[in-house]
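Written out below as structure tokens is the structure these notes cover.
In this note's numbering, the protein residues as written are 9 to 171.
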């Protein structure tokens, strides 16, 4: 496994993963189709992308950048992480999160906050292992197939992190 910054060569694989990897349990926009323009807009908006490569294949992606689009919140980052189903449970998520924490600190962020669906137990468990704590719960935030799902906001204070 190699964790590294995304290159232009990785774009097609990252888009494929974004367009096939989400489910109703992991994202309220599981059926959204990413385009190269979406990827470019995120990069121009300050997002950094890391990929997890296994045997020459992109098996995971993590993107992070500013949580807020204004200067008073420039110390807070957000992120998204997606691991190909075939590679889940092999430590890729942990490795990508470790890269995130190192790079976010290097870029001057002091807090990371992100949204996660209440139905995404695997992600919640991973975040908690890395010291993320639930800061907010939006009950019945999503209605998927007739069922309500809570939206959670998890966060980690990097100034308190000694990992």
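Think of the CB as a built atom: it goes at the ideal place given N, C-alpha and C, for glycine as much as any other residue.
Spanning the alpha carbons of residue 121 and residue 91 requires a straight line of approximately 19 Å. Counting only runs of at least 3 residues, the region 35 to 93 fully encloses the following beta strand (DSSP E) elements, listed from N- to C-terminal order: 56 to 62, 65 to 74 and 84 to 91.
In this structure, residue 166 and residue 117 form a Cβ contact; the two beta carbons are roughly 6 Å apart against a cut-off of 8 Å. With 16 or more other CB atoms across the displayed protein chains lying within 10 angstroms of its CB, residue 57 is buried.
Less than 8 Å divides the Cβ of residue 95 from the Cβ of residue 67.
Distance between residue 142 and residue 33, taken at the CA atoms: about 18 Å. Remark: three or more beta-carbon pairs, one from each stretch, lie closer than 8 Å, so the region 20 to 28 and the region 41 to 48 are flagged as touching. Around residue 74, the same chain offers 54 as residues with beta carbons nearer than 6 Å, after the five sequence neighbours per side are excluded.
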